[in-house]
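J.:
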Amino acid sequence: MTVLLSGWLVLTAVEHWAEQESWPDAVAAGLLWACVVAGVWWFAEWTQSPLRAARRRAPDRGDDRTARDDGTPPDGVRGRHAAVEPADPHPHPHPRNPSEPSHR
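Under the working numbering, the first residue of the sequence shown is numbered 904, with each subsequent residue one higher.
#1: When we look at the beta-carbon of GLU918 and count the other beta-carbons within 10 Å, is it buried (16 or more) or exposed?
#2: If I follow the unbroken alpha helix (DSSP H) through SER909, where does it start and stop?
#3: Tell me the DSSP secondary structure of SER1002 in three-state form.
#4: Less than 8 Å between the CB atoms is what I'm expecting for GLY942 and THR915, so what's the real figure, rounded?
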C-alpha cells in the first residue's frame, strides 16, 4: 500500500510538472502508473517469497539432512561442494609448467 500511495504522489507530480498535464489528468495518469509500479512490486515480492522462506528454513533443516550409511547425501540434497570438479585421476609427477597448454 505504501508503494502505491507514494508512487501515486510522485508520479502525479511528474505528470503535472514534467509532462505539463492539468491536475485532474495528472492525478489520473499518476494513479495508473502507480498501479503498474505497485503491481510489479507485488508480483516480485510474491514470486520471491518461497525462496526467502526456504532460505530461512535451510539452517534449521540440518538435523534431517543426514548422510546415508555409504556417505552420500539423501535424495534431492546436493553436497556442499557439488560443483567442485573431482580430483584428477592421473596427477602429474611434477608441477605443471603454466605456459604448457592444458589437456582438459
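Note that the Cβ used here is the ideal one computed from N, Cα and C, for glycine as well.
T.: Per the coordinate set shown:
#1: buried
#2: 905-920
#3: coil
#4: Contact doesn't hold; Cβ gap of about 17 Å is too wide.
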